[in-house]
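Enquirer: Okay, here's the structure, questions in a sec.
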Amino acid sequence: MMRYSVTVLFLLFALLLGSCAGAEPLRSGEHPPVRLTVWQTYWDREDGAAEYAAMRRQVE
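Under the working numbering, the first residue of the sequence shown carries the number 84, and numbering increases by one thereafter.
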């Protein structure tokens with residue numbers, strides 16, 4: 084029974100990995116520009132805005 088269970092788990096794992104193998108490759112060519120986005124909480128708005136500005140300067 085144990086050998087059967089291990090075999091079934093192995094086959095299910097192989098099926099899981101194999102089902103992802105047919106994914107389409109990334110498109111080449113032009114992509115939309117990357118945008119910097121953040122989530123801010125209302126209680127940390129001032130610090131969040133300062134961190135966003137500092138991060139934006141680093142990215143640009």
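Here a beta-carbon is modelled for each residue, glycine too, at the ideal position from N, C-alpha and C.
Grab the span of the alpha helix (DSSP H) containing residue 135 for me, first residue to last.
Expert: Here residue 135 corresponds to residue number 52 of the sequence shown, with the count starting at 1. Unbroken alpha helix (DSSP H) run through residue 135: 128-142.
Enquirer: Would residue 131 and residue 121 be called neighbours here (beta carbons separated by less than 8 Å)?
Expert: On the sequence shown, residue 131 is found 48 positions in, with the first residue counted as 1. On the sequence shown, residue 121 is found 38 positions in, with the first residue counted as 1. In contact: residue 131 and residue 121 (Cβ atoms closer than 8 Å).
Enquirer: Mind reading off the beta-carbon distance from residue 138 to residue 119? Whole number of angstroms is fine, and I expect it under 8 Å.
Expert: Against the sequence shown, residue 138 aligns to sequence position 55. Against the sequence shown, residue 119 aligns to sequence position 36. 7 Å between Cβ atoms; contact.
Enquirer: Give the range of the alpha helix (DSSP H) segment to which residue 68 is assigned.
Expert: Since the first and last residues shown for the chain are 84 and 143, residue 68 lies out of range.
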